[in-house]
Structures are given as structure tokens and as C-alpha cells.
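Trainee:
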Amino acid sequence: MSFAVLTGDIVASEDAGLAATQAALDALRRAAEDFGKDREEDLRFTRFRGDGWQAMTSHNSFFDATLFLLARLRAEDEEIETRISIGIGEVESSGTRDLSDASGSAFTQSGRGLDAMGRRDRLAISGAGIGPFQRAALALTDYVTSSWTAAQGEAVALSLDPATQTQDDIARRIGVTRQAVQLRLSAAGLPWLAPAREAFASHDYRET
Numbered sequence: 006m007s008f009a010v011l012t013g014d015i016v017a018s019e020d021a022g023l024a025a026t027q028a029a030l031d032a033l034r035r036a037a038e039d040f041g042k043d044r045e046e047d048l049r050f051t052r053f054r055g056d057g058w059q060a061m062t063s064h065n066s067f068f069d070a071t072l073f074l075l076a077r078l079r080a081e082d083e084e085i086e087t088r089i090s091i092g093i094g095e096v097e098s099s100g101t102r103d104l105s106d107a108s109g110s111a112f113t114q115s116g117r118g119l120d121a122m123g124r125r126d127r128l129a130i131s132g133a134g135i136g137p138f139q140r141a142a143l144a145l146t147d148y149v150t151s152s153w154t155a156a157q158g159e160a161v162a163l164s165l166d167p168a169t170q171t172q173d174d175i176a177r178r179i180g181v182t183r184q185a186v187q188l189r190l191s192a193a194g195l196p197w198l199a200p201a202r203e204a205f206a207s208h209d210y211r212e213t
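Under my numbering, the first residue of the sequence shown is numbered 6, with each subsequent residue one higher.
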């Protein structure tokens with residue numbers, strides 16, 4: 006079975022400062038924990054290399070996990086960003102206490118992908134079953150998510166939460182009208198990401 010490993014780091018962490026970097030990593034950790042808890046899955050969020058982090062998820066949920074982490078981070082702080090490299094492949098070991106000693110092709114692909122990312126890139130994907138269409142879809146996702154506001158990020162994260170099934174549920178959680186939620190999700194481009202969510206979830210990630 007293929008897995009997805011997400012390897013990331015905080016963009017311009019030296020400029021952001023230690024406190025902001027720590028807050029961003031804490032936000033990502035909480036988001037990973039919440040995403041896994043709702044789906045009975047342990048993402049094993051692990052911090053490394055100062056401003057770096059890593060998480061692991063099933064191959065059919067990584068796209069939603071990526072959106073969820075980006076949305077939660079944006080909801081916390083509009084000024085700070087994370088890069089995410091997604092690697093699809095086998096996992097030989099998920100590590101002992103955390104992912105710091107984990108191994109497998111998914112980890113190799115994810116790490117190399119992060120190292121190869123361009124200066125302006127925020128998302129990348131490589132590994133088993135990944136071709137031009139998947140990379141193109143993720144590049145468009147990168148463009149869409151880069152302009153999210155904090156309010157849009159909050160709405161997107163709640164829309165991906167199984168506990169908030171409807172826009173009325175989200176409106177009650179946020180304390181706004183359903184129309185306001187609809188406008189935020191539309192402005193965030195979430196309805197147009199739905200085909201990509203379905204495609205990434207149902208794709209065959211075996212080696213081709």
C-alpha cells in the first residue's frame with residue numbers, strides 16, 4: 006500500500022522570527038492532530054531542522070490533509086507560509102517515537118521534492134503514480150491557496166472537518182450567516198477544488 010509523506014518548512018523563518026515560527030509549527034501540529042483524530046489516523050507530525058516538519062497520511066487523503074493544514078495555518082496567521090512537498094510511495098518504517106527515524110521511498114521522494122522546489126513554489130508532488138496531470142493540478146492548487154485570507158482559511162478548514170457537515174454548521178461555529186460562509190468558500194475557490202479532491206482521492210498510485 007502506498008502512503009503519502011508531507012515534508013515542509015516555514016517560509017522565510019529567519020525574517021519571521023522564532024516566536025512566529027514556533028507558533029506556525031504549533032498550528033500545523035494541532036491541525037495534523039485534528040485531521041487525524043477526525044479520520045482515526047495518526048499523522049505522526051514531527052518537527053525537524055529548526056523550521057521543518059513532516060507528517061504521514063494515507064495516499065487517498067493527502068490532498069485534503071494538505072488543504073486542511075494550509076487552511077488552519079492561514080487562519081492563524083495571514084503573514085506566514087509553509088512549503089509542502091508530497092511524496093507518494095512505500096513506507097518501510099514509520100519510525101519509533103516519531104518520523105525522525107522513519108524510512109521508505111515516500112520519505113525519500115518527499116524530502117527530495119522539498120529540496121528541489123523553486124523559490125516561489127509552495128506545493129510539490131512526486132512519487133508513485135504521479136505524472137504531469139497531478140503536478141499540474143497541484144500547481145493550480147498552489148496558486149489558489151496562496152491568496153486565502155484568514156477568514157477564508159477558517160471556513161475552508163471547517164468545511165473539511167467531518168463535524169461540520171453543512172454551511173449552516175460552519176456558520177454557527179464561526180458566528181456568521183450561511184451566506185457569509187458561502188461567500189468565503191467561493192472566494193477561496195473551494196468549489197473549484199472539488200474535482201481535484203475527488204481525483205487525488207480516487208487515483209491509482211501504483212508504480213506506472
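Glycine included, C-beta positions come from ideal geometry on N, C-alpha and C.
In whole angstroms, what is the alpha-carbon distance linking residue 146 and residue 72?
Mentor: Indexing the sequence shown from 1 puts residue 146 at position 141. Indexing the sequence shown from 1 puts residue 72 at position 67. Approximately 9 Å between the Cα atoms of the pair.
Trainee: If contact is defined by three or more beta carbon pairs under 8 Å, each pair taking one atom from either stretch, is the region 61-75 in contact with the region 200-213?
Mentor: These segments touch.
Trainee: Can you list, in chain order, the residues of its chain whose CB lies under 8 Å from that of residue 61, leaving out five sequence neighbours each side?
Mentor: As a working mapping, residue 61 is identified with position 56 in the sequence shown. Contacts found: 8, 9, 10, 11, 48, 49, 96, 99, 104, 107, 111.
Trainee: Could you tell me the alpha carbon to alpha carbon distance between residue 183 and residue 191, rounded to whole angstroms?
Mentor: Counting from 1 along the sequence shown, the entry for residue 183 is found at position 178. Counting from 1 along the sequence shown, the entry for residue 191 is found at position 186. Distance between the alpha carbons of residue 183 and residue 191 is about 12 Å.
Trainee: Under 8 Å between the Cβ atoms of residue 64 and residue 85?
Mentor: By 1-based counting over the sequence shown, the position of residue 64 is 59. By 1-based counting over the sequence shown, the position of residue 85 is 80. Going by C-beta atoms, residue 64 is not nearer than 8 Å to residue 85.
Trainee: Judging by CA-CA distance, which residue of 82, 44, 116 is the nearest neighbour of residue 13?
Mentor: As a working mapping, residue 13 is identified with position 8 in the sequence shown. Closest by alpha carbon: 116.
Trainee: Within the continuous beta strand (DSSP E) that includes residue 117, where are the two ends?
Mentor: Position 112 of the sequence shown, counted from the first residue, corresponds to residue 117. Looking at the DSSP string, residue 117 is not in any beta strand (DSSP E); the run it does join, the alpha helix (DSSP H), is 110-121.
Trainee: Compare the Cα-Cα distances from residue 163 to each of 133, 179, 16 and report the closest residue.
Mentor: The residue given as residue 163 occupies position 158 in the sequence shown. For the residues 133, 179, 16, the minimum Cα distance to residue 163 belongs to 179.
Trainee: Going by the CB atoms, is the gap between residue 155 and residue 77 shorter than 8 Å?
Mentor: The residue labelled residue 77 in the question sits at position 72 within the sequence shown. The residue labelled residue 155 in the question sits at position 150 within the sequence shown. Their beta carbons are not under 8 Å apart, which means residue 77 does not touch residue 155 by this criterion.
Trainee: Among residues of its own chain, excluding the 5 on either side of residue 83, which ones have a beta-carbon nearer than 6 Å to its beta-carbon?
Mentor: Residue numbering aside, residue 83 sits at position 78 when the sequence shown is read from its first letter. Excluding residues within five positions, the ones whose Cβ falls inside 6 Å are 155.
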